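From first to last, the protein sequence lines are chains A and B. First residue of the first sequence: 0, per numbering that gives the first Met the number 0; consecutive thereafter. First residue of the second sequence: 0, per numbering that gives the first Met the number 0; consecutive thereafter. The beta carbon of each residue, even a glycine, is placed where N, CA and C say it ideally should be. These numbers were taken from a predicted model, which means no experiment stands behind them.
Number of protein chains: 2
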Amino acid sequence: MERLIKFIDEKSVLVNQEIERLLPKAELPPATLHEAMRYSVIGGGKRIRPLLVLMCCQAGGGEFDEALSAACALEFVHSYSLIHDDLPAMDNDDMRRGRLTCHKAYDEATAILAGDALLTLAFEIMSGVSSPKKSLMCVKTLARAAGSAGMVGGQMMDLEAEGKTIEIEDLEIMHRRKTGALIAAACRIGGIIGGAESETLDKLCDYGRNLGLLFQITDDILDETATAEELGKTPGKDAKSGKMTYTTVYGREEALNKARELAAEATASLHDFGAEALMPRLLVDYILQRKK
Amino acid sequence: MERLIKFIDEKSVLVNQEIERLLPKAELPPATLHEAMRYSVIGGGKRIRPLLVLMCCQAGGGEFDEALSAACALEFVHSYSLIHDDLPAMDNDDMRRGRLTCHKAYDEATAILAGDALLTLAFEIMSGVSSPKKSLMCVKTLARAAGSAGMVGGQMMDLEAEGKTIEIEDLEIMHRRKTGALIAAACRIGGIIGGAESETLDKLCDYGRNLGLLFQITDDILDETATAEELGKTPGKDAKSGKMTYTTVYGREEALNKARELAAEATASLHDFGAEALMPRLLVDYILQRKK
């Protein structure tokens with residue numbers, strides 16, 4: 000676990016430097032838009048998706064650093080989804096990553112456009128992350144995961160489920176889309192850049208799918224037990240607003256069991272890998288035990 | 000002009016069929032999201048950007064139909080920008096293309112997500128429009144044109160200018176980004192798929208840049224003179240909300256002169272082309288004379 004924490008600390012610095020480099024300078028007009036983009040990405044977030052891209056690039060046979068700009072593109076897509084999800088018409092959240100949400104720090108129009116611009120920038124970056132063939136695979140993978148069959152579709156299902164009792168299967172489908180699809184895409188994209196073949200990519204993607212749901216369940220558990228300071232956002236909000244969560248449906252003990260199951264499945268997806276998949280293996284326990 | 004109108008009528012049918020094919024089916028869950036995406040794209044709009052892609056594909060040496068799915072991707076990006084621009088936090092418009100705007104027909108959250116999903120779908124489509132090399136050039140061209148240095152940046156400048164007196168140069172920069180960038184990208188993307196070389200692509204792009212501004216100025220003129228029925232949206236809204244337009248700044252006569260100048264420049268960009276650029280040439284006059 001110490002090696003993982005060292006990896007996370009070191010690579011987060013690299014990711015943050017690259018994010019800084021890839022974002023438009025705040026002085027460039029329209030300055031407010033560029034400031035809002037930078038505000039929303041810089042200085043917050045666990046960088047789980049970028050770290051997964053780097054880890055899976057190595058697991059797929061490449062070097063971590065080859066996947067640095069693709070890693071940042073994933074974080075831009077994640078940040079855009081948070082900006083739009085936090086809007087008053089959506090989840091209406093004032094706090095994110097320990098600071099005011101984008102529409103609170105700026106205004107709604109700026110937040111909508113900053114999200115739009117970050118999503119677009121992610122595709123611009125992705126079009127030049129590696130060889131033309133690999134870059135194109137990355138663009139396609141990202142677009143599928145982020146679109147109406149993936150993340151955006153999951154967010155829509157989440158909104159529609161508010162205040163309703165839905166089947167546990169539908170809750171899982173929703174989360175697999177809303178959180179899981181982009182995390183799985185991060186793993187696949189890392190693998191693509193690392194040079195992995197189709198079968199290996201599928202395994203990395205399976206790993207990501209299970210890890211994504213594990214991440215969501217631990218999120219739901221923390222949402223019940225952690226403080227606003229630990230989370231950097233308002234805790235207990237989902238349960239209060241009548242949204243079903245894994246803890247409200249299963250209870251906390253059962254939710255923890257489900258998390259352990261998914262952790263085992265994620266680890267099993269990496270069975271055929273050797274030492275090159277050490278970091279993604281260690282990450283499973285790290286997420287299972289996370290406190291924030 | 001008759002040949003152009005025949006072209007527009009015929010190719011619009013093809014474009015609309017392909018749009019229908021490329022959009023997710025309305026039955027697919029989440030159904031409301033897919034319905035809202037379809038509602039916003041199908042059954043309205045002049046399809047100027049898709050038609051430009053087809054025309055410039057031929058001007059660049061290809062066949063119209065090779066560029067059909069790229070043409071639709073451009074329309075998806077245009078539709079997404081209209082959905083987001085119409086939101087209450089932005090231009091707050093109730094009518095678009097003769098019908099209720101997306102957030103009026105559905106709700107704000109659905110409209111935000113439908114826009115997000117259409118933009119994402121455009122990149123998914125663009126990743127497979129031609130050979131890997133050409134597809135990648137198209138993705139990059141689209142992303143640059145749609146992002147914070149292009150369309151989204153222009154929309155931000157437009158919002159910031161509301162109620163203020165800005166320099167005429169800044170009005171032009173704003174429009175060149177807000178409308179011009181995507182129209183120029185449509186022309187370049189058509190050329191890329193048609194197999195044009197870099198110098199030819201630049202000429203098509205110049206043509207598109209001038210045509211885009213011409214389109215905006217005729218829009219401003221029509222906004223003063225046409226009826227809601229002709230426009231399919233509320234006329235005179237920009238002037239009323241204190242936005243500067245070409246007619247409020249230059250006056251109608253001078254705006255018309257500026258339009259004629261741009262038409263001449265657009266035509267001049269096509270000077271070195273032969274019969275393969277007949278349609279883009281005819282389109283210049285068509286836009287100069289448009290009544291809706």
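Non-local beta-carbon contacts of A185/B in its own chain, meaning distances under 6 Å to residues more than five positions away in sequence, involve R48, L51, V52 and L73 in chain order. Taken in chain order, the stretch 5-59 of chain B contains no complete beta strand (DSSP E) segment of 3 residues or longer. Around the beta-carbon of H270/A, fewer than 16 other beta-carbon atoms lie within 10 Å, marking it exposed. As computed with DSSP, M94/B is found in a beta bridge with L99/B. Secondary structure of E161/A (DSSP, three-state): coil. In this structure I7/B is not in contact with C71/B, their Cβ atoms being roughly 16 Å apart against a cut-off of 8 Å. Spatial neighbours of R280/B in its own chain (CB-CB distance under 7 Å, excluding positions within 5 residues in sequence) are listed in chain order as T266 and L269. Across the set E107/A, R20/A, L213/A and A113/A, the C-alpha of A113/A shows the shortest separation from the C-alpha of S78/A.
The stretch 225-244 of chain A makes contact with the stretch 86-93 of chain A: 3 or more CB pairs, one atom from each, lie closer than 8 Å. Distance from R259/B to L287/B at the Cβ level is roughly 7 Å; contact confirmed, criterion being Cβ atoms closer than 8 Å. In this structure the stretch 17-35 of chain B touches the stretch 137-155 of chain A; the number of beta carbon pairs closer than 8 Å is three or more.
For H77/B, not one C-beta of chain A is nearer than 8 Å to its own C-beta. Under the 8 Å criterion on CB atoms, G250/A is classed as non-interfacial with respect to chain B.
Secondary structure note for V76/B: its alpha helix (DSSP H) is the uninterrupted segment L67 to D84.
For V128/B, there is no enclosing alpha helix (DSSP H), as DSSP gives it neither H nor E.
From the beta-carbon of H83/B, the residues of chain A found nearer than 8 Å are I111, L112 and D115. Neighbours of K132/B in chain A, taken as residues at a C-beta separation under 7 Å, are given in chain order as P131. In this structure, M36/B keeps its C-beta atom at 8 Å or more from the C-beta atom of L21/B.
Among the CB atoms of chain B, none fall inside 8 Å of the CB of G43/A. Taken atom to atom, the span from the alpha-carbon of I192/B to that of E65/B is near 7 Å. In the DSSP annotation of this structure, P87/A is not part of any alpha helix (DSSP H), being labelled neither H nor E. Using a Cβ-Cβ cut-off of 9 Å, M89/B is close to E107, A108, I111 and L112 of chain A, given in chain order. Counting the other CB atoms within 10 Å of its CB gives V40/B a total of 16 or more, which places it among the buried residues. Linking Y38/A to C101/A through their CA atoms gives a straight-line distance of about 7 Å. In the same chain as D222/B, and ignoring 5 residues on each side of it, the C-beta atoms closer than 8 Å to its own belong to L230, P234, G235, K236, D237, A238, T244 and T246, in chain order. For L135/B, the nearest CB of chain A lies under 8 Å from its own CB, placing it at the interface with that chain. DSSP, read as helix, strand or coil, puts M150/A in helix. Nearest to R143/A by C-alpha distance, out of K232/B, L141/B and L117/B, is L117/B. Taking a Cβ-Cβ cut-off of 7 Å, the neighbours of A145/A in chain B comprise T119, given in sequence order. In the assembly as shown, A108/A is a buried residue. Its beta-carbon has 16 or more other beta-carbons within 10 Å.
Among the residues of the stretch 45-57 of chain B, none has a Cβ less than 8 Å away from any Cβ of chain A. At a beta-carbon threshold of 9 Å, the residues of chain B lying near G127/A are L135 and K139, ordered along the chain. D284/A counts as exposed, since fewer than 16 other beta carbons sit within 10 angstroms of its beta carbon. Here DSSP, grouped into helix, strand and coil, assigns L277/B to helix. Across the structure, N256/A and T164/A are spaced so that their CA atoms are roughly 22 Å apart. Pairing T199/B with A58/B, the inter-Cα distance amounts to about 9 Å.
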